[in-house]
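Below you'll find the structure, written out as structure tokens, and then a few comments.
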Amino acid sequence: MKLRVLGCSGAIAKDCRTTSFLLDADVLVDAGTGVGDLSLDEMRLIDHVFLTHSHLDHIAALPLMVDAIASQRRTPITVHALPGTIAALQAHVFNNVIWPDFSRIPSEAAPFVRFHEVEVGIPVQVCGKTIEPLPAVHTVPACGYAVSAGGPHWVFTGDTERNPAFWLRLEQLDVAMLVIETAFSNREQELARRSLHLSPVALAEELAHMDHTRNVPVYITHTKPSETVLIMAEIDRFDRNATQGNQPGAHDIRWLEAGQEFEI
């Protein structure tokens, strides 16, 4: 399975695109502004979009992408999400006020978009991939995803704060790569806590739940552009300290960047 990072920033700025991942050519996980880097031909190949939650930085490009390609497709794009996320999209985006309701256009029988509700812990099979929604703790209904094409899993936390249920499930999976958010630096850790995001101090506590002997590479996503250097320095500091004393040891932590490609 090929993973292409279209966007992984917590906000926009030059060369910063918000969350979106392309799996092979046909599945999109989140639809942030990074989708805009795809050509029309590439967008036309996307059959399924899996959303973690309804916040704008994760859905901003979805209505625009549908508008760009839907009339050139023979089948609807299927948008998979939690019931609360779908309800938010229908009420606030595809509502014929902010954007046309493409779930009823050109007709209810043959729309440009179909919505499919997912449930945490219940895998979905699409395009030769098994995609399991994972628990997340955020200010709106939210989930992460574990994706496998028959081998080890690519795992994405989505937006989340401390999340014990996530780590319990992670320990049961064969994980090739973990993508985890850290939106704020430690100087804004209280804001991170209130908005249900991670800061480096909270990330350290979360990674303590992970079996370090598995040596899973951990990629940091969703950093604020103005804070990225500071966040990564704070993460590097706590991880180097983890090699001292009675701590279990450092993790393989890296910064995720738009444009990166991986074979999972």
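Numbering (the working numbering), first residue to last: 49 to 312. Quick reminder that beta carbons are idealized off the backbone N, C-alpha and C, glycines included.
Listed in chain order, the non-local C-beta contacts of H257 below 6 Å within the same chain comprise W215, local neighbours out to five positions each way being set aside.
In the DSSP assignment, F214 falls within the alpha helix (DSSP H) that extends over 212 to 218. By a beta-carbon distance limit of 8 Å, A231 does not contact C56. Their separation comes to about 11 Å. Exclusion of the five residues before and after T126 leaves H96, R162, H164 as the residues of its chain whose Cβ lies within less than 6 Å of its Cβ. In terms of Cβ geometry, I301 and V266 form a close pair [threshold 9 Å]. Excluding residues up to 5 positions away in sequence, P200, H201 lie with their Cβ nearer than 7 Å to the Cβ of D222 in the same chain. If only uninterrupted beta strand (DSSP E) runs of at least 3 residues are considered, those enclosed by the segment 91 to 151 are 96 to 98, 125 to 129.
As the crow flies, the alpha-carbon of G176 is around 43 Å from that of R235. The beta-bridge partner set that DSSP reports for P183 consists of C191. For R262, no alpha helix (DSSP H) segment is defined, and its DSSP state is neither H nor E. Per DSSP, the continuous alpha helix (DSSP H) segment holding Q237 begins and ends at 237 to 242. Judged by beta-carbon spacing, L86 lies beyond the 9 Å limit of V77, meaning their Cβ atoms are not closer than that value. Under DSSP, the beta-bridge partners assigned to Q173 are T178. Residues of the same chain with a CB within less than 6 Å of the CB of T187, apart from the 5 flanking positions on each side, are L244 in chain order. For T205, the CB contacts under 8 Å within the same chain, skipping 5 residues up- and downstream, are L182, A184, G192, N211, F214, L226, V227, I228, E229 in chain order.
Taking H260 as reference, the option from T271, D287, I279 with the minimal CA-CA separation is D287.
Distance from the CA of E282 to the CA of T81, rounded to the nearest whole angstrom, comes to 27 Å.
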